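In my numbering, the protein residues as written are 3 to 206.
Every residue gets a Cβ at the ideal spot worked out from N, C-alpha and C, and that includes glycine.
Keep in mind that this is a model prediction, so the values were computed, not measured.
This report concerns only the one structure given below.
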Amino acid sequence: MLRALALGALLAIGGAAQAQDLARAQQVASQVCASCHAQDGNSPAAANPKIAGQISEYLHKQLVDFKAQGGAKPVRESPIMNGMVANLSAADMKNLAAYYAGQKLKPAVAADKELAALGQKIWRGGNAANGVPPCAGCHGPDGAGIPSQYPRLSGQFAEYIAAQLKAFRDGARANDPGGMMRGVTARMSEREIRAVAEYAAGLR
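Laid out in structure tokens, this is it:
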């Protein structure tokens, strides 16, 4: 009986703490994130990614990578994001990641059907001629990603995906574990990058 009461008390305390974390995340999102990503994470502009429904671990990693630590340069450089995360605490970043992961994505669409058709071939089967592996192997057949490993790409702005693939290819972005994305994009043509991005935007 006492054990059951103690367990109930712990669960109640845990629930209250989670509610406080969520309330804090909503407040920080309103003050820091909403102007670019919207309060619900569905950015209205392709220059800023949709983060609603993104995998929590991935969002958290990006926030941590944007934040300069111990006087060193941030792992992922962005004049805007580096400034935005500067005053976020470790708890803020964790709570924000969980908050936005819990929001409902309003997906983008694939506008160029011809490009999307090429993207589908690469997504599903890769391109053996230049050594590009299938995107689905890591990001899933429907682009939902794999928690703790690979981000969700389905429904993301095609323009944003293409910009990030080019950043990996050109070395402007280098926070991919093991250099995986830099290795893949180094073998992709400009058209292949645009095609994969277009196809991913239309995935559900």
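Test item: CB-CB of residue i and residue j under 8 Å
i: A48; j: E161; result: yes
i: A110; j: G145; result: no
i: N177; j: V77; result: yes
i: F159; j: A118; result: no
i: G133; j: R189; result: yes
i: I57; j: P143; result: no
i: R196; j: A164; result: yes
i: K106; j: A54; result: yes
Nearest-angstrom Cα separation, counted from residue j out to residue i
i: S191; j: G121; result: 12 Å
i: P179; j: G147; result: 15 Å
i: M210; j: A25; result: Because the chain is modelled from 3 through 206, residue 210 falls outside the range shown and cannot be assessed.
i: A92; j: K75; result: 17 Å
i: A40; j: G139; result: 31 Å
i: A103; j: N129; result: 32 Å
i: A99; j: E194; result: 31 Å
i: R171; j: G127; result: 20 Å
i: D23; j: Y101; result: 9 Å
i: K115; j: P51; result: 22 Å
i: D67; j: W125; result: 27 Å
i: G173; j: S32; result: 32 Å
i: A27; j: L155; result: 23 Å
i: N44; j: V87; result: 19 Å
i: C38; j: R175; result: 20 Å
i: E59; j: A131; result: 34 Å
i: P136; j: M182; result: 13 Å
i: C42; j: A21; result: Note that residue 42 corresponds to Asp in the displayed sequence, not to Cys. For D42 and A21, the distance between alpha carbons rounds to 17 Å.
i: G72; j: K168; result: 29 Å
i: K108; j: A70; result: 31 Å
i: N97; j: Q29; result: 11 Å
i: S150; j: Q166; result: 19 Å
i: T187; j: S80; result: 20 Å
i: H141; j: A112; result: 18 Å
Three-way DSSP call (helix, strand, coil) for residue i in this model
i: I124; result: helix
i: R189; result: coil
i: V198; result: helix
i: N97; result: helix
i: V87; result: helix
i: I82; result: helix
i: L65; result: helix
i: G181; result: helix
i: R175; result: coil
Distance between beta carbons of residue j and residue i, contact taken as under 8 Å
i: L65; j: L90; result: 7 Å
Alpha helix (DSSP H) runs contained entirely in the stretch 109-168, provided each spans 4 or more residues: Counting whole runs of 4 or more residues, the stretch 109-168 contains the alpha helix (DSSP H) stretches 115-127, 138-141.
Complete alpha helix (DSSP H) runs within the stretch 12-51 (minimum length 4 residues, chain order): Runs found: 36-39.
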